[in-house]
Amino acid sequence: MENGSLYNYLHTEDEDRKPMEWTLRLKIGIRAAKGFAWLHHNCNPRILHRNISSKCIMLDAKFEPRISDFGLARLMNPIDTHLSTFVNGEFGDLGYVARDVYSFGIVLLELVTGEKPTHVSRAPEGFRGNLVDWVAELSAKGQLHDAIDQSLLGKGVEKEVFQVLKVACNCVVEGPKERPSMFEVYQLLRAIGEQYQFTAEDEVTLPIDGGDADFIEELIVAREGIQSS
């Protein structure tokens with residue numbers, strides 16, 4: 003792939019390469035989320051990737067993300083395809099679904115912080131945790147804003163960056179049942195980047211029936227909350 007993996011491009015050691023601009027990071031995050039949401043919710047049969055990372059997201063010549071590394075992928079167990087059952091965490095493959103969401107949350111943290119998953123250059127001396135641990139510590143201290151990549155500051159995009167950071171934090175919460183679905187993640191990111199019109203006509207959709215109306219309403223409220231924060 004022309005621009006290699008997201009990991010290598012974002013964490014390049016080439017001092018002559020400028021840091022990735024926010025609009026490009028957001029575009030990659032939104033379109034990658036769309037791809038994983040499609041695998042989880044629209045693909046027939048549905049697919050769990052099980053190895054999501056910035057290394058499996060390849061970038062073509064136009065920096066369109068392409069999902070790779072399906073070596074550990076598996077088909078979802080179609081025990082119950084009802085939306086509320088899937089989203090609320092009682093789906094047969096919950097553990098793997100939640101793991102995919104958690105792993106994608108780490109990718110979002112990389113995009114927002116510019117840090118590697120297992121090595122945080124800005125962490126205090128003696129810190130022995132990973133990126134998720136570092137962000138959690140900052141959040142506990144009320145210093146979550148300090149996690150943002152300094153190259154993104156002062157460019158008028160801090161509100162969007164912080165909104166994506168909050169979505170990422172929701173993806174990496176400890177309790178699997180508390181994490182959003184990939185469809186929710188995609189919809190939240192899509193709302194944040196709506197002004198850029200990154201999404202195409204072939205949108206990811208989620209089949210709903212009358213019993214799922216409350217979930218859709220909650221998602222709309224959540225999106226509005228992200229936008230107004």
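Sequential numbering from 3 applies to the sequence shown in this note's numbering. Each residue gets a CB set at the ideal place from its N, CA and C atoms; glycine is no exception.
- How long is the line joining the alpha carbons of Gly141 and Glu162, rounded to whole angstroms? In the sequence as presented, Gly is not what sits at residue 141; that position holds Ser. Counting only the Cα atoms, Glu162 lies some 17 Å from Ser141.
- Close-in-space but distant-in-sequence residues of the same chain around Ala138 (CB under 6 Å, 5 per side omitted): none
- Message: Within 8 Å, do at least three Cβ pairs link the region 19 to 39 to the region 179 to 195?
- Response: The answer is yes - the region 19 to 39 touches the region 179 to 195, with three or more Cβ pairs under 8 Å.
- Message: Judging by CA-CA distance, which residue of Lys157, Gln145, Asp71 is the nearest neighbour of Ile49?
- Response: Asp71
- Task: Taking Met3 and Arg68 to be in contact with their CB atoms under 8 Å, please state how far apart those CB atoms are, rounded to whole angstroms.
- Result: 6 Å
- Item | Buried or exposed (CB count within 10 angstroms, at least 16 for buried), Arg181 | That one is buried.
- Item | Local conformation of Gly153 per DSSP, three classes | Checking the displayed sequence, the identity of residue 153 turns out to be Ser instead of Gly. The answer is helix: DSSP assigns Ser153 an H, G or I state.
- Query: Using the beta-carbon count (16 or more within 10 Å), is Gln199 buried or exposed?
  - Reply: exposed
- Item | Range of the contiguous alpha helix (DSSP H) that encloses His27 | Rather than His, the amino acid found at residue 27 in this sequence is Arg. Taken as a continuous stretch (DSSP letters only), the alpha helix (DSSP H) holding Arg27 covers 24 to 43.
- Query: What's the gap between the Cα of Gly107 and the Cα of Arg124?
  - Reply: Going from the Cα of Gly107 to the Cα of Arg124 covers about 19 Å.
- Is DSSP giving Arg101 helix, strand or coil here? helix
- Item | Met184, enclosing alpha helix (DSSP H) - first and last residue | 184 to 194
- What's the C-alpha gap between Asp148 and Ser183? 27 Å
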